[in-house]
Amino acid sequence: MGGSRIVIAGGSGFLGQLTARWFDQLGWDVVSLTRDRNSTVSPARRAIWDGRSLAEWAKELDGAGALVNLAGRSVNCRYHARNRRAILHSRIDSTRVLGEAVAQCAKPPRVWLNSSTATIYKHSYDRAMNERTGVIEETPEAKDQFSVKVAQAWERAFDEAASPRTRKMAMRTAMVFGTHEGTVYRVLRRLARLGLGGAMAGGRQYVSWLHETDYCRAVQWLIEHDDTSGVVNLASPNPLTNREMMRTLRRVCRMPVGLPANRWMLEIGTFLLRSESELVIKSRRVVPARLLAAGFEFQFPGLELAIEELESRLATGRNAAEDPCAIPRQTTARHDNAVAGK
């Protein structure tokens, strides 16, 4: 399995560290592009970049097996002018400069996976959104105008990157549930355990989600399948309503009650937490049609099974930072063949 190098831009974040550990287990040479000189990105080698300009880090792309761009300022903040600029430009600039780096490679990466977001799809209660028929449209009710514009600009920058010798995929990723402190699952879990895990803003809105293991497995699968390119939804095949999600979370956490939160309560709460209510009130009913049609099998297709697995690790003091989920044997065999060029 030696000889494969994967370069992860934004490697010091939750998904970057998760991806780095996964591919390190598979025997890849992992390189993390990070702005933070003090960040811990073990087991990856660290290369410093600013996300905007070419420098020594660009040499890591030459001859790499894969490039995964996860760079972008967190959207868990208030959308005032300064943060809007940071959210937009951190995505556009990093994608643009990676395209410039790929273009100058003598041997460019075989495949480039660039983050996007499931939020690009229209707020919808009654219709599932897949890659072919999903509607890309803003909905004032969901307060998603800024987020949809960012997603469109992000994918446009990716499409415009000149990389004819590199297979490219935009990953429209849903919320990834994992055990890291500060991530969305830990926040929801804390609410449930405090008795605050009731339906939010009525609970009708759909939630698209993905277990962290299936996220890593999907990234690996996309890298290894040379017949896949373009836009791919990364989400569980079973989105569910906010009401159902919170009920499942309470059941697994053995909390019999959960106080609901009305829309006005959410507006106040998110303001105090310096976040935005859009993250909760938008209905994201996204399904991974392309992955399913191509034969990808989810290890955690249902929320209850996914939560039970996360809780089992939390109960024993293990988390993904210390003890990543086991890699299924069938994926390692496929990886061997991919590296060997079979």
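When the count follows the working numbering, it moves up by one through the sequence shown with no breaks and lands on 393 for the last residue.
Backbone N, C-alpha and C fix where the C-beta goes; we use that ideal spot for every residue, glycine too.
| Asked | Found |
| --- | --- |
| Report yes or no: do the segment 351-363 and the segment 274-282 share at least 3 C-beta pairs separated by less than 8 Å? | no |
| For R325, does the count of other Cβ atoms within 10 angstroms reach 16, so buried, or fall short, so exposed? | exposed |
| Determine, using beta-carbon pairs with one atom in the segment 143-153 and one in the segment 190-200, whether at least three such pairs fall under 8 Å. | no |
| Quick one: what does DSSP say R103 is sitting in, helix, strand or coil? | coil |
| Output the distance between the C-alpha atoms of H394 and A60, rounded to the nearest integer angstrom. | Beyond the ends of the chain as shown, which are 52 and 393, falls residue 394; an answer cannot be given. |
| Using the DSSP secondary-structure output, state which residues sit across from R262 in a beta bridge. | A small correction: the amino acid at residue 262 is His; Arg does not occupy that position in the sequence shown. BP columns for H262 point to F228. |
| Among all the DSSP beta bridges, which residues are the ones paired with N120? | A60, N165 |
| Where do the ends of the alpha helix (DSSP H) carrying L69 lie? | 65-76 |
| With distances taken Cα to Cα, identify the nearest neighbour of S259 among L247, R244, G249, A286. | A286 |
| Helix, strand or coil for L84 per DSSP? | strand |
| Please work out which residues of its chain come closer than 6 Å, Cβ to Cβ, to W163, disregarding the five sequence neighbours upstream and downstream, and give them in chain order. | L118, T217, K219 |
| For the segment 148-221, list the alpha helix (DSSP H) runs that are entirely contained and at least 4 residues long, ordered along the chain. | 196-211 |
| Quick one: residues in its chain with C-beta nearer than 7 Å to the C-beta of I358, no 5 flanking neighbours on either side, listed in chain order? | T299, L300, V303 |
| For the beta strand (DSSP E) containing N293, name the first residue and the last one. | No beta strand (DSSP E) holds N293; the alpha helix (DSSP H) holding it covers 293-303. |
| Run through DSSP, which three-state label would N127 get? | coil |
| Report the residue from L330, M251, H231, N289 whose alpha carbon sits nearest the alpha carbon of L361. | H231 |
| Could you check where the beta strand (DSSP E) with L285 kicks off and where it finishes? | 281-285 |
| So what's R325 in DSSP terms, helix, strand or just coil? | coil |
| Are the segment 223-241 and the segment 253-270 touching by the rule of at least three beta carbon pairs closer than 8 Å? | yes |
| Is there contact between the segment 242-258 and the segment 334-348, where contact requires at least three CB pairs shorter than 8 Å? | yes |
| Kindly indicate which three-state DSSP category V235 falls into: helix, strand or coil? | helix |
| For I138 versus R129, is the C-beta spacing smaller than 7 Å? | no |
| With 16 as the cutoff for other CB atoms within 10 Å, does F65 come out buried or exposed? | buried |
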